[in-house]
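Each residue of the sequence shown is one higher than the one before, counting from 49 in my numbering.
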Amino acid sequence: MTKRKGLSSEEHRQRVQDFCATQMDLLLDKTRKGQSEKWVKPWGNNFSGLGQLPHNPKTQHRYSGQNLLFLTIDMILRGVNDPRYMTLGQAKVYAEENGLNPSKVRIIKGSKAAMILQPIVIEKKYKSEEKEERSQVDAVIEAAESGNTDTQKPDDVNTTKSRIVRFKTSPRFNGSQFTGIPDYKLDETKKWSSNAIVDHLLKTNSIAIVSSDKAAFSPTTDNILMPDVKDFEDPGHHTSTLLHEFYHWTGSQKREKRISDNYQEFRDNYAKEEIRAQFFMLAASAIFGIP
49 MTKRKGLSSE
59 EHRQRVQDFC
69 ATQMDLLLDK
79 TRKGQSEKWV
89 KPWGNNFSGL
99 GQLPHNPKTQ
109 HRYSGQNLLF
119 LTIDMILRGV
129 NDPRYMTLGQ
139 AKVYAEENGL
149 NPSKVRIIKG
159 SKAAMILQPI
169 VIEKKYKSEE
179 KEERSQVDAV
189 IEAAESGNTD
199 TQKPDDVNTT
209 KSRIVRFKTS
219 PRFNGSQFTG
229 IPDYKLDETK
239 KWSSNAIVDH
249 LLKTNSIAIV
259 SSDKAAFSPT
269 TDNILMPDVK
279 DFEDPGHHTS
289 TLLHEFYHWT
299 GSQKREKRIS
309 DNYQEFRDNY
319 AKEEIRAQFF
329 MLAASAIFGI
339 P
């Protein structure tokens, strides 16, 4: 029986990139089909900020990196405020820990899981003289994961070990897709007026904020245009909008160079820049507790 050959580093990287591209295509497709209202303001007045980022209630782990992005997209497209994501097995343990009968935990019929990328650490051993030259991508991944990528065994100086990180897709269901687990309740007692971290972020970067009847970043003058706080429903909406424009500010030619001085290039990349800014605002609002 022929042993199945594993994916090469380049093939694996391409598979991960294809998965990420599929997630973004899903968002764009749903937006084009008329669900953009959920995308523009998914949290509404009930999005209480802190604690709303997707997390696993069983492990108490908050999803990060690309998985944070994927599950945030999933929340937006479902139109739900429940940020809990877990497997069926984890949901059963979660229910039991909260005094409920785990045998009654079910996934609601017809529910579709969101997919995340789950890291897998692979340890390889090989003879030093047989060591193949690794790609720069492999070297970076291994160094980030294990610090020292190559170590020698005491009993065999000619053998080296290498730890490589690979990813597999893994399903996670939203808390609203289960029966038999505790209901998710928003903490509506929190009141928000200002945030010292946000204020410090804006002040330390010496950002010029100019009063205007619209919210926008002006690449020409390098200023952020903002209406007065009283023109918004509440201070939270003012600050979240300011964070959106702050992200655009970071993309100028003086900083990250995402926003081109060429008008046609700017128009071609406008949609991508707006999506990035919206995700930044959403994540920052959740982290800082901005409603």
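Backbone N, C-alpha and C fix where the C-beta goes; we use that ideal spot for every residue, glycine too.
From a predicted model like this one, the values you see are computed outputs, not experimental measurements.
Here Ile164 is buried: its Cβ has 16 or more other Cβ atoms, across all protein chains shown, within 10 Å. Here Phe280 has His286 as same chain residues with Cβ atoms under 6 Å from its own Cβ, once five neighbours each way along the sequence are excluded. His109 is not a Cβ neighbour of Arg132, given a cutoff of 8 Å. Residue pairing by DSSP puts Leu165 in a beta bridge opposite Thr217. The three-state secondary structure of Tyr133, taken from DSSP, is strand. The segment 269-283 makes no contact with the segment 316-327; the number of CB pairs closer than 8 Å stays below 3. When beta bridges are read from the DSSP output, Thr227 appears opposite Arg154. At least 8 Å separates the beta-carbon of Ile338 from that of Trp297. Boundaries cannot be given for Val128, as no beta strand (DSSP E) includes it and DSSP labels it neither H nor E. Assignment of beta-bridge partners to Ile212 by DSSP yields Ile170.
Exclusion of the five residues before and after Leu250 leaves Ile257, Leu290, Phe294 as the residues of its chain whose Cβ lies within less than 8 Å of its Cβ. Ranked by Cα distance from Ile170, the options Thr217, Ile212, Leu125, Asp261 are led by Ile212. Counting other Cβ atoms within 10 Å of its Cβ, Lys140 reaches 16 or more and is therefore classed as buried.
The DSSP-derived three-state label of Leu273 is strand. Judged by beta-carbon spacing, Leu125 lies beyond the 8 Å limit of Pro230, meaning their Cβ atoms are not closer than that value. Comparing alpha-carbon positions, the option among Gln114, Arg306, Leu101 lying closest to Phe67 turns out to be Gln114.
In the structure shown, Arg306 falls within a coil segment according to DSSP collapsed to helix, strand and coil. Ranked by how close their Cα comes to the Cα of Ser151, the residues Thr217, Phe226, Asn310 have Phe226 in first place. In this structure Ile307 touches Pro267 by the C-beta definition: roughly 5 Å separates them, less than 8 Å. DSSP, reduced to helix, strand and coil, places Phe327 within a helical segment of the structure shown. Under the DSSP assignment, Ile245 falls in the alpha helix (DSSP H) whose first and last residues are 244-252. DSSP, read as helix, strand or coil, puts Asn115 in helix. Lys216 and Gln166 have their C-alpha atoms roughly 5 Å apart. Here the alpha carbon of Ile155 sits roughly 18 Å from the alpha carbon of Leu119. In the structure shown, Ile257 falls within a strand segment according to DSSP collapsed to helix, strand and coil. A straight-line Cα-Cα distance of about 15 Å links Lys262 and Thr269.
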